[in-house]
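Worksheet: the structure to be examined is printed underneath.
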Amino acid sequence: MMQTTINNKLYIIDETLLEQSLVYYLREELGLTGTKIGCDIGVCGSCTVLVDMQALRSCKLKLKDIIDKSVITIEGVAAEDGSLHPLQQAFIDCGAIQCGFCTPGMVLFALALLHKNPAPSRAEIRAAINANLCRCTGYQQIIDAVQQAAKAMTR
Amino acid sequence: MDKNMDKAFRNDAWAKVTGTAKYTDDYTLPGMLHAAPVYPNCASARILKIDPSDALKAEGVVAVFTAKDIPGSVKFGQIIKDYPTLAEEFVRTTGDVLALVVARSRAQAIAGSREVRVELEMRRALLDPEEALLPDAPLINPEHGSNICNLHHVRTGDIAEGEKHSDLILEQTFTTSRIEHAYLEPESALCHLRPDGVMEVLGSMQHPFSTRRFVASTLGLKLSEVEVKTVPMGGGFGGKDDTAALVCARAALCAWLLKKPVKLTYTREWSMRESYKRHPYKLQYRAGFKKDGKIQFVKVRMLADGGAYCSVSPWVTWRSTVQCCGAYEVPNVHADVYAVYTNNPFSGAMRGFGSPQVNFAIEQLIEMAGEKLGLDELQIRRVNMVKQGSTTITGQVLDTHVVSLSQAMDTVLKEIDYEKKRKNCSFGNPMHEQWYGIGFAISYRGMSLGAEGVDFNSAIINVQPDGSVLIETGVHENGQGSESAMILIASEELGIPKELIRYRMPSTSNIPDGGTTVASRGTLLGGGAVVKAAEILKSILASALDLPEISLKAGNVCTKEGKKLLTWNEAIRLCYSKQIYPYAFGTFQAPKVSWDEATGQGNAYFTWVYACQAVELSVDPKTKKVTLINMVAAHDVGKAINPALAKGQFYGGMAMGAGYALWEDLPVEKGLVKPTNLHTYRIARAKDLPEMKAILIEHPDPNSPSGAKGIGEPTNELMAPAIANAIYRATGVRYPNQPLRIK
Ligand code: FES
Ligand code: FES
């Protein structure tokens, strides 16, 4: 029996589904539509999810890649009671959100960064989020937000 | 974030940061089917046959539709109705859609689309605008009678006179790139026929009312029989008007014919193939200067490649016409600006709307002239730039608002320490390990649509019995935060906390057509209407209190002089008890503008904004790689309603402007756009960009009820020429053609 954990919930995966694309499984089967599709070829990062706290592009993953792993999507970032993660709050306060299409991927990417490096410099943040595209913000306020969250989280 | 910086306010931030915001493709309806388009493999052809029989046998395929199935008009357009929902007789560009395949799943629709057999008779494709202008060129849209989509002029003074007084005459041609909007969310539409007979449309589009017209025209319905609802949209930048409306019309067509909900979500590949682009321009300047730097005349011919369909080419090129001399006083002007039909992908609105092309040229030309005259890039601008009371090239006197151009320029140059740093420029010095350059550009920009279109808007303020407020305006949220700006304006006007105000999900059936949210007109026009509605609401409250006038402050209703009478809630309860609805409908009409098409004279825009952007960069002499070191911008925004969000517009605009200079380009081969996805169309990534600085200049505009003027577009019209100027000072070489590839 194959299983995986998505946002702390256990899912049994049928063997016939192992070759299915993860992003379509999340969006269409589970209704987790916070994961966005911007390019579908692994370039833009809109579809970023965390797999065992590693930021990966779900449009390049198949269900077989997440067996026995723990996946977190944007819907799994806030606390169960709905209160926002400090990183989410920082995105709001710093004006890091415009159209919001890149936001889920950016938040998850930043979360993975802060997990590895709780006090990154601006240059380190810039280098990390280089993987994800945003057409609206010029990244400036996204970097502000990650920096502010890092401060809030280590306080 | 710095401590004393204002926190950003967005009414949609919570939903967007938790992944609960629903964009069009995130919705599903029971029994929903999926559509996929069929494209031609060439740019110009006669359609001989479209055979769906194999596709109809494919798994899951429900139907294949062609132009023959369209109950209403096949063609539509905002200015000229030349844009086919489905190609009928001819292929005019590779983005034309020949047929739609509808299937139970999207994958099946896509697989089915490959089984549609198409027979085409190839025709000569015109891919160069100059070629399209030749007398023997076949007509791309014969019903238009010419391959010239439109032609605008400016005729000011006398060019010959200007020539006579010139000590220096400069001729230079510039070219600019075709640019993809590259909004991160591809187009999507979900349509269904409601039980009440209304075709309901959810779509990723920036102009619900234009979409409604497209859909109604395609289906042959009345406007009241189509309802377009607004859901969050993943970026527009001017790019989600025509094509996006047509995607909605196609989904609606399938839903209408099958009486089932139909979704049509574009892949990035379809989006890049089909969506309209920023016009590539050729700009041929001839300009004369006196020894002291004063411009004597400008003669310019511009050729915009409009592609196969008109879209808003006449409006885009009109702005280029009005602003063809940049932010400078020029006594003698002769301008001819053409938009030309070709078989290339069509061109339309994009953030900047005809100004990025002009600024790229003029802001280099002015420096080239200065250098020849022995004047530096500051002097030559100061001699010529518009000031308070200046007359523009179209005869408009700039005296209705503060002309803050020199303030913007001085602010930026001081912030970046220009005068000191310019001495370090390398000019291609072989002794320098890295070539250093600094550069800037300035602009003025007419606000809103100007004589391009009808400019009015409306707002509804609907106060509920418990004192909470629903507002809505005819302005569409494109991601820039216009709903939030409207809430803040209402909060200030009504003197109540913003938490009491909710922006109602807009629909074309709720409020009158407010025109398109282009030309950075959202805050100005929508905000104007909110202020007007608030005034009406005040007079309603005053009449409930039997007073001639009241004021609203800090949650209280006060006398005109500010003395508290009762609380907001008490006043609202009083209204309802007296059976007076605290409901106000306000409209704002932009002040009159004027334009004479033959001479290109008139008060083109009712107000203007001013700006300067500067950049420091280095060029590696060996690899020729350009590294951006620092970028600074100052823009007069009238009044900053939501400063953190306004700054976000600065950063995004500067980033996009840098891409315009350095990385972005959509070469077309045989009419087919070569880049197919975001791996071959390169937009700025975080490491491509330096730290940026945004400076807000505020001179509340007397013509704008809220004082605000708008900021989305001006931020995107300056970084490309600033970079070109900096690259010149780094390398010693001028690059008049985009994208700038260092030799
Ligand atoms: S959608 Fe997966 S990287 Fe773009
Ligand atoms: S906020 Fe629009 S793409 Fe990042």
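Those protein sequence lines, which keep their order, are chains V and C.
Quick note: the first sequence uses the numbering used here, first residue 38, plus one each step.
Quick note: the second sequence uses the numbering used here, first residue -16, plus one each step.
A virtual CB, placed ideally from N, CA and C, is assigned to each residue, including glycine.
- Looking at the DSSP output, residue 682 (chain C) sits in no beta bridge, so it has no partner there.
- Taking the Cβ of residue 217 (chain C) as the reference point, at least one heavy atom of ligand 2 falls within a distance shorter than 7 angstroms.
- For the stretch 64 to 93 of chain V, the residues whose beta carbon sits under 9 angstroms from a beta carbon of chain C are, in order, 64, 65, 68, 69, 70, 71, 72, 73, 74, 75, 76, 77, 78, 79, 80, 81 and 83.
- For residue 708 (chain C), the enclosing alpha helix (DSSP H) begins and ends at 702 to 714.
- For residue 195 (chain C), the uninterrupted alpha helix (DSSP H) segment begins and ends at 191 to 202.
- With a threshold of 8 angstroms between beta carbons, residue 646 (chain C) makes no contact with chain V.
- Exclusion of residue 233 (chain C) from the 7 angstroms shell around ligand 1 follows from its C-beta lying no nearer than that to any non-hydrogen atom of the ligand.
- Residue-level contact check: residue 62 (chain V) does not touch chain C, since none of the beta carbons of chain C fall below 8 angstroms from its beta carbon.
- Rounded to the nearest whole angstrom, the C-alpha separation of residue 121 (chain C) and residue 115 (chain C) is 8 angstroms.
- Between the alpha carbons of residue 597 (chain C) and residue 704 (chain C) lies a distance of about 9 angstroms.
- Neighbours of residue 115 (chain V) across chain C, judged by C-beta separation under 7 angstroms: 1.
- DSSP places residue 58 (chain V) in the strand class (E or B) of the three-state scheme.
- Look at residue 662 (chain C): its C-beta is under 8 angstroms from a C-beta on chain V.
- Burial state of residue 152 (chain V) is exposed, judged by a 10 Å Cβ sphere holding fewer than 16 other Cβ atoms.
- At least one heavy atom of ligand 1 sits closer than 7 angstroms to the Cβ of residue 84 (chain V).
- Inclusion of residue 623 (chain C) and residue 696 (chain C) in the CB contact set at 8 angstroms is not warranted, their separation being larger than that value.
- Listed by position along chain V, the residues whose Cβ is nearer than 7 angstroms to that of residue 637 (chain C) are 175.
- Unbroken alpha helix (DSSP H) runs of no fewer than 4 residues, entirely contained in the stretch 8 to 65 of chain C, are found at 36 to 40, following chain order.
- DSSP, reduced to helix, strand and coil, places residue 98 (chain C) outside both helices and strands of the structure shown, so it counts as coil.
- As for any beta strand (DSSP E) of minimum length 3 sitting wholly inside the stretch 118 to 197 of chain C, the runs are 131 to 139, 151 to 158, 171 to 176 and 182 to 186, ordered along the chain.
- Not one heavy atom of ligand 2 lies closer than 7 angstroms to the C-beta of residue 1 (chain C).
- Residue 431 (chain C) carries a coil assignment under DSSP once its states are collapsed to helix, strand and coil.
- Under the Cβ criterion of 8 angstroms, residue 138 (chain V) is counted among the residues facing chain C.
- A residue is called buried once 16 or more other Cβ atoms fall within 10 Å of its Cβ, and residue 564 (chain C), having fewer, is exposed.
- About 20 angstroms separates the Cβ atoms of residue 151 (chain C) and residue 318 (chain C), ruling out a contact at the 8 angstroms cut-off.
- Residue environment: residue 27 (chain C) is assigned as buried (16 or more neighbouring CB atoms within 10 Å of its CB, all protein chains considered).
- Taken in chain order, the members of the stretch 164 to 180 of chain C whose beta-carbon sits within less than 7 angstroms of a beta-carbon on chain V are 165, 166, 167 and 168.
- Within the stretch 209 to 232 of chain C, contact with chain V at the beta-carbon level (separation under 9 angstroms) is assigned to 215, 216, 217, 218, 219 and 220.
- When Cβ-Cβ separations below 8 angstroms define contact, residue 141 (chain V) makes contact with chain C.
- Residues of chain V whose Cβ lies closer than 8 angstroms to the Cβ of residue 666 (chain C) are, in chain order, 170 and 172.
- Residue-level contact check: residue 128 (chain V) touches chain C, since one or more beta carbons of chain C fall below 8 angstroms from its beta carbon.
- Bridge pairing for residue 614 (chain C): C:598 and C:675 [DSSP].
- Distance from the Cα of residue 124 (chain C) is smallest, within the candidate group C:354, C:6 and C:329, for C:329.
- The continuous beta strand (DSSP E) containing residue 284 (chain C) extends over residues 278 to 290.
- In this structure, residue 132 (chain C) has its beta carbon at no less than 7 angstroms from each heavy atom of ligand 2.
- Between residue 336 (chain C) and residue 283 (chain C), the C-beta spacing is not below 8 angstroms.
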